[in-house]
Amino acid sequence: MGYTAKNHIRPRKLSDAVARHLESLILEGTLRSGERLPPERELALQLDVSRPSLREALATLEQRGILETRRGGTFVGPILGAAFASDLQELMRSSPDSPGDYLEFRSGMDGVAAAFAAERASDIDLDIIGQRFRAIEDMHQREQPDAEADADALFHLATYEASHNVLMIQIMGGLADLLRQDVLYNRFKLYSRQGVRELLLDQHRAIHDAIQARDPQAARAAAETHVSFTRAALSEIDRTDTRLELALRRFAESEGAP
Numbered sequence: 001m002g003y004t005a006k007n008h009i010r011p012r013k014l015s016d017a018v019a020r021h022l023e024s025l026i027l028e029g030t031l032r033s034g035e036r037l038p039p040e041r042e043l044a045l046q047l048d049v050s051r052p053s054l055r056e057a058l059a060t061l062e063q064r065g066i067l068e069t070r071r072g073g074t075f076v077g078p079i080l081g082a083a084f085a086s087d088l089q090e091l092m093r094s095s096p097d098s099p100g101d102y103l104e105f106r107s108g109m110d111g112v113a114a115a116f117a118a119e120r121a122s123d124i125d126l127d128i129i130g131q132r133f134r135a136i137e138d139m140h141q142r143e144q145p146d147a148e149a150d151a152d153a154l155f156h157l158a159t160y161e162a163s164h165n166v167l168m169i170q171i172m173g174g175l176a177d178l179l180r181q182d183v184l185y186n187r188f189k190l191y192s193r194q195g196v197r198e199l200l201l202d203q204h205r206a207i208h209d210a211i212q213a214r215d216p217q218a219a220r221a222a223a224e225t226h227v228s229f230t231r232a233a234l235s236e237i238d239r240t241d242t243r244l245e246l247a248l249r250r251f252a253e254s255e256g257a258p
């Protein structure tokens with residue numbers, strides 16, 4: 001991946017502009033938390049700046065905690081969503097209400113992201129979204145539900161990135177692992193219902209088609225329909241499971257009665 005600016009960087013102080021440029025690449029999601037930067041010589045050539053200026057810029061970003069230097073090179077540090085992702089994952093494991101809360105959160109985010117993606121996606125963004133959807137289709141046809149769930153999560157991440165909203169990209173990108181866990185958990189429960197896999201595929205197709213058609217209203221509606229269905233279906237499954245548990249408990253108690 002190259003990091004070349006549209007125009008060569010020529011500021012009052014070159015190192016400051018290099019630092020701002022690298023910071024913008026991090027904020028927009030081009031450079032991700034934990035990603036290793038190219039070697040100094042290569043990065044200086046890509047940015048068309050001197051190595052001393054680049055070195056000074058990297059030192060500035062490291063002082064601010066945006067970059068980290070450790071064995072193996074210079075890496076993007078934990079930023080925004082990534083900084084609190086581990087705490088949220090622990091919360092999800094410890095609180096029975098957290099999965100529902102996260103879906104509720106997604107019900108707002110996914111619709112907005114899909115609408116923004118339909119409005120703002122570049123041709124490259126649309127190509128990536130198309131690739132991610134075709135991966136869902138491929139895993140669906142191969143009947144590989146775990147791989148299909150992974151492809152599902154990557155599809156949604158692609159819509160967030162295509163929104164070109166820096167805060168949304170950083171928060172949802174930082175929560176990427178949480179999103180994958182959520183999708184796996186939801187699909188595991190939903191697959192117990194006949195026809196759900198096909199319905200989920202159709203819902204993702206609707207999101208994909210609306211974004212490709214650059215129809216923000218349809219994209220938002222399709223994304224909101226998908227999350228609303230997931231929430232309603234999971235709620236019904238939980239109610240059914242609760243009723244079954246109560247019935248089994250009563251049966252066990254009646255069998256043990258004198």
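With UniProt numbering applied, the sequence shown covers 1 to 258. Glycine residues also receive a C-beta, built at the ideal position from the N, C-alpha and C atoms. Remember, it's a predicted structure, so these values are computed and weren't measured experimentally.
Per-residue DSSP class, three states only, for ARG234: Here residue 234 corresponds to residue number 234 of the sequence shown, with the count starting at 1. For the sequence presented, residue 234 should be read as Leu rather than Arg. LEU234 falls in the helix class under three-state DSSP.
Would you please state the rounded distance, in angstroms, between the beta carbons of PHE155 and ARG132? I believe it to be under 8 Å. As a first step, residue 155 must be located in the sequence shown, where it is residue number 155. As a first step, residue 132 must be located in the sequence shown, where it is residue number 132. The pair is a contact, with the Cβ atoms about 4 Å apart (cut-off 8 Å).
Enclosing beta strand (DSSP E) for ARG32 [first to last residue]: As a first step, residue 32 is located in the sequence shown; it is residue number 32 there, counting from the start. In the DSSP assignment, ARG32 falls outside any beta strand (DSSP E) and carries neither an H nor an E.
When we look at the beta-carbon of ALA232 and count the other beta-carbons within 10 Å, is it buried (16 or more) or exposed? Translated into positions along the sequence shown, residue 232 becomes position 232. With fewer than 16 Cβ atoms within 10 Å of its Cβ, ALA232 is classed as exposed.
Mark ILE211 as exposed unless 16 or more other C-beta atoms lie within 10 angstroms of its C-beta, in which case mark it buried. Position 211 of the sequence shown, counted from the start, is the residue given in the question as residue 211. Under the 10 Å beta carbon count, ILE211 is surrounded by 16 or more other beta carbons and is classified as buried.
Opposite GLY73 in the DSSP bridges: which residues? Numbered from its first residue, the sequence shown carries residue 73 at position 73. Answer is ARG70.
Nearest-angstrom Cα separation, counted from LEU47 out to ALA5: Translated into positions along the sequence shown, residue 5 becomes position 5. Translated into positions along the sequence shown, residue 47 becomes position 47. Note that ALA5 scores 48 on pLDDT, short of 50, meaning its location in the model is unreliable; the coordinates nonetheless yield the value given after this. Distance from the CA of ALA5 to the CA of LEU47, rounded to the nearest whole angstrom, comes to 7 Å.
With a threshold of 8 Å, are at least 3 pairs of Cβ atoms found where one atom belongs to the stretch 210 to 227 and the other to the stretch 102 to 119? In this structure the stretch 210 to 227 touches the stretch 102 to 119; the number of beta carbon pairs closer than 8 Å is three or more.
ALA19 (DSSP reduced to helix, strand or coil): Taking the first residue of the sequence shown as 1, we reach residue 19 at position 19. Here ALA19 carries a helix assignment [DSSP, helix/strand/coil].
For LEU178 versus LEU234, is the C-beta distance shorter than 8 Å? As a working mapping, residue 178 is identified with position 178 in the sequence shown. As a working mapping, residue 234 is identified with position 234 in the sequence shown. It is not a contact, given that the beta carbons lie outside the stated cut-off.
Does the separation of the CB atoms of ALA149 and VAL183 fall below 8 Å? One-based indexing of the sequence shown puts residue 149 at position 149. One-based indexing of the sequence shown puts residue 183 at position 183. Cβ distance < 8 Å, so ALA149 and VAL183 count as in contact.
Let me know the secondary structure DSSP gives TYR185 once reduced to three states. Locating residue 185 in the sequence shown gives position 185, counting from the first residue. If DSSP states are grouped into helix, strand and coil, TYR185 belongs with the helices.
Euclidean distance between Cα positions of ARG20 and GLU28: As a first step, residue 20 must be located in the sequence shown, where it is residue number 20. As a first step, residue 28 must be located in the sequence shown, where it is residue number 28. Linking ARG20 to GLU28 through their CA atoms gives a straight-line distance of about 12 Å.
When the distance is taken between beta carbons, is ARG197 closer than 8 Å to HIS140? For the purposes of this step, residue 140 is identified with residue 140 of the sequence shown, where counting begins at 1. For the purposes of this step, residue 197 is identified with residue 197 of the sequence shown, where counting begins at 1. Taking 8 Å as the cut-off, the Cβ atoms of HIS140 and ARG197 count as close.
Can you tell me the Cα-Cα spacing of SER50 and ALA44, whole angstroms? The count along the sequence shown starts at 1 and reaches residue 50 at position 50. The count along the sequence shown starts at 1 and reaches residue 44 at position 44. Taken atom to atom, the span from the alpha-carbon of SER50 to that of ALA44 is near 6 Å.
Which word fits GLY173, buried or exposed, when buried means at least 16 other C-beta atoms lie within 10 angstroms of its C-beta? By one-based count along the sequence shown, residue 173 stands at place 173. With 16 or more other Cβ atoms within 10 Å, it is buried.
Is DSSP giving GLN194 helix, strand or coil here? On the sequence shown, position 194 is the one that residue 194 refers to. In the three-state reduction of the DSSP assignment, GLN194 falls in the coil class.
How many Å lie between THR74 and LEU201 at the Cα? In the sequence shown, residue 74 corresponds to position 74, counting from 1. In the sequence shown, residue 201 corresponds to position 201, counting from 1. Computed Cα separation, rounded: 40 Å.
What do you get for GLU224, buried or exposed, if any count of 16 or more other CB atoms within 10 angstroms of its CB means buried? By 1-based counting over the sequence shown, the position of residue 224 is 224. GLU224 comes out buried.
In this structure, how does DSSP classify SER163 when only helix, strand and coil are distinguished? Your numbering for residue 163 matches position 163 in the sequence shown. Three-state result, SER163: coil.
Segments of 4+ residues assigned as alpha helix (DSSP H) that fall wholly inside the stretch 97 to 122: Considered as a whole, the stretch 97 to 122 harbours 98 to 120 as its complete alpha helix (DSSP H) runs of no fewer than 4 residues, in chain order.
Given a threshold of 16 other Cβ atoms within 10 Å of its Cβ, counted over all protein chains shown, does GLN63 qualify as buried or as exposed? Mapped onto the sequence shown, residue 63 falls at position 63. Using a 10 angstroms sphere on the CB of GLN63, the tally of other CB atoms stays under 16, which defines it as exposed.
Mind checking which residues open and close the alpha helix (DSSP H) that includes PRO39? In the sequence shown, residue 39 corresponds to position 39, counting from 1. From DSSP, PRO39 is part of no alpha helix (DSSP H); its letter is neither H nor E.
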